[in-house]
């Protein structure tokens, strides 16, 4: 698998039309060729201790965690994974154009974990931020070492942006009430209003398709009826699974990524009028399994 | 049904936490109250001749057509509907974070319809455009009589924006090859790079949830294997169905809609740090069935 998702530029062909000949140049997705040709130095290894491997009734989903952005939340989630608390957990909510949400197995015998600090943004100091060339509705958009991010010079803070596939920690109404036992993945238009309001702990690397296609919950906000959630069989870190595949993300400070950004903003072939820009959530960072 | 989709501001509650008491103020969605309280004069009737009623194996989906933006395409689609050409059609493609796509029943006996003109944008003259207060990555964002739209002062043109739920006409690679027999609905992050490149003919009013939850196609670009598409039983215009419900959209030039925009940009309750802005695709226009 070269990427988490097909590029958004896929053309809308008539079903009856013949497919483009393999001999034709890849006019739809110049980004595909840039990604395929990117030298090894333009890719960053993903630490297998930062990959959560979820086996659910819908299939396998890999989630990359971001300890540089929400260290206490990521540590809490990893602890729950190592304790097996997500085994026999449940997917409890699927809300259309918003989120799929899952929860660890309730354990009444276990003392409730202390609430986590509100790691919704972090100091910009110490981060190499590559700005997006394009204006953003919400903040200064850009990239940090393989992640879609945004920053605010007034507060001197940076955060991971909420886009399709972003994974965060659910919480109750007061800001410091998340404990890592309730997670969500975005399956709709990037809900950027959640930025700086909730702990974004990572993103789906692979396997979101089957989870985004789950039936929407009939309850308020897409919750499934109590007790009817979809089963999660097992969650492990990739580092706990001998021989698990290595994964990489493109270095967003590399010339290859800059070229991908340009290609996505200036699509050719199918597009008589290239947009000349691309919003942050459209500028997905390429990831790949290393064979 | 008050709206097509739940507002995006739904809080991420812990599943074990009690739901907010009904006595609490609706702190999450001030927009809900604005919509519920909007006077009749702030709503526009939707012409039942502009509502396509699709009954598919996944359920019923209503699509509002936009003849002011793509008149030849909308006329061609209505003609196909009236001829029954979409009955026994097929959903042929479901691509994650992109589109669900369907096609009329192939009719080899029928002469091929002439290609439609590239109605990808239209003159701004004659349109009352309400600008969004917030900056847009792609163009000048705003609203025209109940639609999310964008415009370009340099070309003097306006177009409907591609957002979640947008419906357009598939075409082959040359720009004027769509004939209205192949339609798609967006089920992912708003693919605004399609703006001005394809005929956007409307949006889903209701029933997108079950269609967005269809299994993703295993073929290239999410196409289902040949012959395996999901059946469309029947497509009619609401005007052809006696007693069909009336629908309305909020007038985007009304004070109520301006208040909805403000509420969505400045969410309270769950949100310790309101975004202070909202991108065009997040600023969905309220629609409702009139009881």
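Protein chains in written order, with the working numbering: chain P, 1 to 291; chain V, 1001 to 1291. The beta carbon of each residue, even a glycine, is placed where N, CA and C say it ideally should be. Computed from a predicted model, the values in this text were never measured in an experiment.
Would you mind reading off the limits of the beta strand (DSSP E) that contains residue 1257/V?
-> Segment 1255-1265 is the alpha helix (DSSP H) holding residue 1257/V; no beta strand (DSSP E) there.
In the DSSP assignment, what residue or residues form a beta bridge with residue 1069/V?
-> Answer by DSSP bridge pairing: none, since residue 1069/V is not bridged.
Does the beta-carbon distance from residue 1204/V to residue 1146/V come in below 7 Å?
-> no
Around the C-beta of residue 113/P, are 16 or more other C-beta atoms found within 10 angstroms, so that it is buried, or is it exposed?
-> exposed
Output, in sequence order along the chain, the residues in the region 1111-1143 of chain V whose CB is closer than 7 Å to any CB in chain A.
-> In the displayed structure, chain A is absent; the protein chains listed are P and V.
Beta-carbon gap between residue 1290/V and residue 1246/V smaller than 7 Å | yes
Where does residue 230/P fall in DSSP's three states?
-> strand
Just the chain V side, please: which residues come within less than 7 Å of residue 214/P by C-beta, in chain order?
-> 1213
Which one of 187/P, 115/P, 89/P has the shortest CA to CA distance from residue 331/P?
-> It is not possible to answer for residue 331/P, since the shown part of chain P is limited to 1 through 291.
Three-state class that DSSP yields for residue 1192/V in the structure shown = Looking at residue 1192/V - three-state DSSP - the assignment turns out to be helix.
How close, in whole Å, do the beta carbons of residue 52/P and residue 94/P come, if the pair is a contact with beta carbons under 8 Å?
-> Going by Cβ atoms, the distance from residue 52/P to residue 94/P rounds to 19 Å, so no, they are not a contact pair.
Which stretch, first to last residue, makes up the beta strand (DSSP E) that contains residue 55/P?
-> 51-56
Beta-bridge partners of residue 297/P, as assigned by DSSP | Lying before the first or after the last residue shown, residue 297/P is absent from chain P, which here runs from 1 to 291.
Taking the C-alpha atoms as reference points, what is the distance between residue 1279/V and residue 1193/V?
-> 15 Å
Can you tell me the Cα-Cα spacing of residue 1190/V and residue 1061/V, whole angstroms?
-> Linking residue 1190/V to residue 1061/V through their CA atoms gives a straight-line distance of about 19 Å.
Note the first and the last residue of the continuous alpha helix (DSSP H) segment covering residue 33/P.
-> 30-37
In angstroms, rounded to a whole number, what distance separates the CA positions of residue 160/P and residue 144/P?
-> 9 Å
Just how far apart, CA to CA, sit residue 84/P and residue 230/P?
-> 17 Å
In the DSSP assignment, what are the bridge partners of residue 62/P?
-> 53/P, 206/P
According to DSSP, which residues form a beta bridge with residue 1182/V?
-> 1103/V
Beta-ladder partner(s) of residue 246/P, from DSSP = 290/P
According to the Cβ coordinates, are residue 199/P and residue 73/P closer than 7 Å?
-> yes
Buried/exposed call for residue 88/P, threshold 16 Cβ in 10 Å | exposed
Report the three-state DSSP secondary structure of residue 1276/V (helix, strand or coil).
-> Of the three classes helix, strand and coil, the one that applies to residue 1276/V here is coil, per DSSP.
Kindly say whether residue 259/P, judged by its beta-carbon, lies nearer than 7 Å to any beta-carbon of chain V.
-> no
Span of the beta strand (DSSP E), counted from its first residue to its last, around residue 1166/V = 1166-1169
Specify the secondary structure class of residue 1158/V as computed by DSSP and reduced to three states.
-> Residue 1158/V: strand per DSSP, three-state reduction.
Contact with chain P by residue 1025/V, beta-carbon distance below 7 Å = With a pLDDT of 43 at residue 1025/V, under the threshold of 50, the modelled position of that residue is not reliable, and no figure is offered here.
Do residue 1197/V and residue 271/P have their CB atoms nearer than 7 Å?
-> yes
What is the DSSP secondary structure of residue 1021/V, counted as helix, strand or coil?
-> Low confidence applies to residue 1021/V: its pLDDT is 36, below 50, so where it sits in the model is not reliable enough to give any reading.
Does any CB atom of chain V fall closer than 7 Å to the CB of residue 281/P?
-> yes
Can you find a CB in chain P that lies within less than 7 Å of the CB of residue 1151/V?
-> no
Own chain, CB closer than 7 Å to residue 1223/V, minus 5 neighbours either side, in chain order = 1092, 1093, 1217
Kindly indicate if chain V contains any beta-carbon less than 7 Å away from that of residue 266/P.
-> no
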